[in-house]
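>
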Amino acid sequence: MMRILHVAAELFPLLKTGGLADVVGALPLALGAGGADVRVLLPAFPAILAGTNVEGEVARFDSFAGPARLLFGKTADGVQLYLIDAPQCYDRPGNPYHDAEQRAYADNHLRFALLGWVAAQLAQGLDGFWRPAVVHAHDWHAGLAPAYLAAAGRPARSVITVHNLAYQGVFGAETFAGLALPAAFFDREGVEFHGNLSFLKAGLYFADHITTVSPSYAREITTAEQGCGLEGLLQARSGQLSGILNGVDEAVWHPATDALLPANYSSEKMAGKAKCKTALQHELGLDEQDEQPLFVVVSRLTEQKGLPLVLDVLPELLARGGQFALLGSGDAWLEEAFRQLAHAHPRQVAVKLGYNEALSHRLIAGGDVIMVPSRFEPCGLTQLYGLQYGTLPLVRRVGGLADTVSDVSLENLADDCATGFVFHDLSAADCLRAVRRVFALWSRAREWKSVRRRAMAQDVGWQASAEHYLALYQQLIS
Ligand code: ADP
Ligand code: GLC
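Following this note's numbering, the numbering of the sequence shown begins with 365 at its first residue and continues without gaps.
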């Protein structure tokens, strides 16, 4: 059996700040179902430790970040975990990256270097019984793993997956000396990035293979527009760069079985979806009507997500009688702008600020359209949840959104392959055209239903993608 070690900082359902956690929670199980022996290495953050059935201590060691214990255990879902128990680094409640005031922890370079370093120790036989053949690092948090592996003579092959190139883990040059990497690695041909230490660049430079979470994003990040300064390196490595789409964890996100919904449904029995809509309207204080579409957003409120476009199109959306509900948290000015809209239109607009897993399911089930107008989107998961729940995605044609949603153009309708509303330019005018297509399709109830059926039939599970990863591992090992 192929032994694969995933290395990450989040894992659903124990600790999540975004889609990364959903992927790390689901992909190992999908790979396991495909016949691989997969384990996940994580920092023992309090929420992760609390949700793990720890079976024992594998090793103790001293490192540049102080003493640590390596624990082995399993989640309730059966994901096999190695946890780095180093309280001086990880025993802090809440967000894994920053304190309650949103300030990045001053020792993040040590905390996440330790994660990569332990991965390389495992590859060298830290657990005398289990050594990975492939170390698969996720995002900058695990970006030094391929560098430590390279320093150790590459005892395992390595893959780094870029979930978001915009987060790079860049630290001052002075931090490098404390991380037990060869001095020669602090170089343009290495971990150095414009005079600083970059964890993500380290991963991109030293990994045997680079993946990102959609084929379109894999192309986009080789351009100056979306390469975040790393496009040169990514172009040079384009032979070892590929895109593999994320999937949906159907044990968590399926309308027929989702226990967080007031009613379940499937494409054969859609009555439950109407119940979800009414219940959601009731819960949010919106008019309980089914004459007009209900648009929803579930999102981090950051630059990436393009939400100012939603603010731009909302007046017309509301003038046409549509409803709008948002769940999210992030930039203060966006929170305030949406809050004001809800205040001005209490029966038509609802805004819930904060993070709420259960409400996110009720919104995605109860809505008619889910809006994801991102500036850039490596993959995006909420549009996949929308497809699965018959809540048609309205997306910008970028990254994984472009790869997973087909517009209701006449030709797509004729060929029965339309699944949502796609616009191209990052402009209110183009987004508005997509909103108008929503109302046009809505007025043709039969066609709406057939697009919805097509969306729900789209295979968004993990299996196909897991097979791509397994094939990649196989190719790297042999
Ligand atoms: P990203 O990782 O860039 O935030 P994704 O679409 O890949 O975007 O994943 C976002 C994940 O976080 C989804 O599972 C989504 O449902 C969830 N999410 C985002 N904001 C919230 C929120 N305020 N409450 C609950 N879940 C949220
Ligand atoms: C990142 C990206 C998002 C992607 C997620 C999981 O957070 O922003 O597009 O779906 O990672 O890969």
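Glycine included, each C-beta is placed from N, C-alpha and C at the ideal position.
Could you please give the first and the last residue of the uninterrupted beta strand (DSSP E) stretch that includes SER427?
Segment 417-427, the beta strand (DSSP E) holding SER427.
> Which stretch, first to last residue, makes up the beta strand (DSSP E) that contains ASN560?
Taken as a continuous stretch (DSSP letters only), the beta strand (DSSP E) holding ASN560 covers 560-562.
> So the candidates are PRO451, TRP617, GLN604 and SER630; which of them puts its Cα closest to the Cα of GLN839?
Checked all of PRO451, TRP617, GLN604 and SER630; the closest Cα to GLN839 is GLN604.
> Taking the alpha-carbon positions, what's the ALA477 to TYR569 distance?
Using only the alpha carbons, I get a separation of about 16 Å.
> Whose CB is closer than 7 Å to a heavy atom of the ligand GLC? List the residues in chain order.
Matched residues: GLY382, GLY383, LEU384, ASP386, VAL387, HIS527, ASN528, VAL577, ASN610, GLN668, GLU741, PRO742, CYS743, GLY744, LEU745, GLY763 and GLY764.
> Ignoring anything shorter than 4 residues, give me the alpha helix (DSSP H) runs that lie fully in the region 621-695, in order along the chain.
DSSP runs (the alpha helix (DSSP H)) wholly in the region 621-695: 635-648 and 672-683.
> Hey, out of PHE535, VAL674 and THR439, whose CA is closest to SER791's CA?
Closest by alpha carbon: VAL674.
> Going by C-alpha to C-alpha distance, which of ASP401, LEU723, TYR446 and PRO657 sits closest to GLU419?
Measuring from the Cα of GLU419, the nearest candidate turns out to be TYR446.
> Answer yes or no: the CB of ARG726 versus the heavy atoms of the ligand ADP, is any distance below 6 Å?
False, no ligand heavy atom lies under 6 Å from that Cβ.
> Can you tell me which of GLY825, ILE608 and TRP504 puts its alpha carbon nearest to the alpha carbon of GLN752?
For GLN752, the nearest C-alpha among the options comes from GLY825.
> Take GLY442 as the anchor and find which of VAL802, LEU435, LEU393 and ILE734 has the nearest alpha-carbon.
Comparing Cα-Cα distances from GLY442 to each of VAL802, LEU435, LEU393 and ILE734, the minimum goes to LEU393.
> Over what stretch of residues does the alpha helix (DSSP H) that includes THR575 continue unbroken?
That residue, THR575, is in no alpha helix (DSSP H); its beta strand (DSSP E) goes 573-576.
> Quick one: what's ARG808 bridged to in DSSP?
BP columns for ARG808 are empty, so no partner.
> In whole angstroms, give me the CA-to-CA distance for VAL799 and HIS618.
Distance between the alpha carbons of VAL799 and HIS618: 26 Å.
> Give me the residue from VAL422, VAL733 and ARG521 with the minimum Cα distance to SER842.
Out of VAL422, VAL733 and ARG521, ARG521 has the C-alpha closest to the C-alpha of SER842.
> Starting from the N-terminal side, write out each stretch of the beta strand (DSSP E) that is 3 residues or longer and does not extend beyond the region 490-567.
Qualifying beta strand (DSSP E) stretches, in chain order: 498-502, 521-526 and 560-562.
> So, for HIS502: in the same chain, excluding its five sequence neighbours on each side, which residues have a beta-carbon less than 8 Å away from its beta-carbon?
Closer than 8 Å at Cβ, skipping near neighbours: HIS370, VAL371, ALA372, ALA373, LEU384, VAL387, VAL388, ILE524, THR525 and HIS527.
> Give the single residue among LEU682, THR439, ASN610 and LEU727 whose Cα lies nearest to the Cα of LEU705.
Of the listed residues, the one whose Cα sits closest to LEU705 is LEU682.
> Given this structure, state the Cα-to-Cα distance separating ASP779 from PHE787, to the nearest angstrom.
Computed Cα separation, rounded: 19 Å.
> So, are the CB atoms of VAL762 and PHE785 less than 7 Å apart?
It is not a contact, given that the beta carbons lie outside the stated cut-off.
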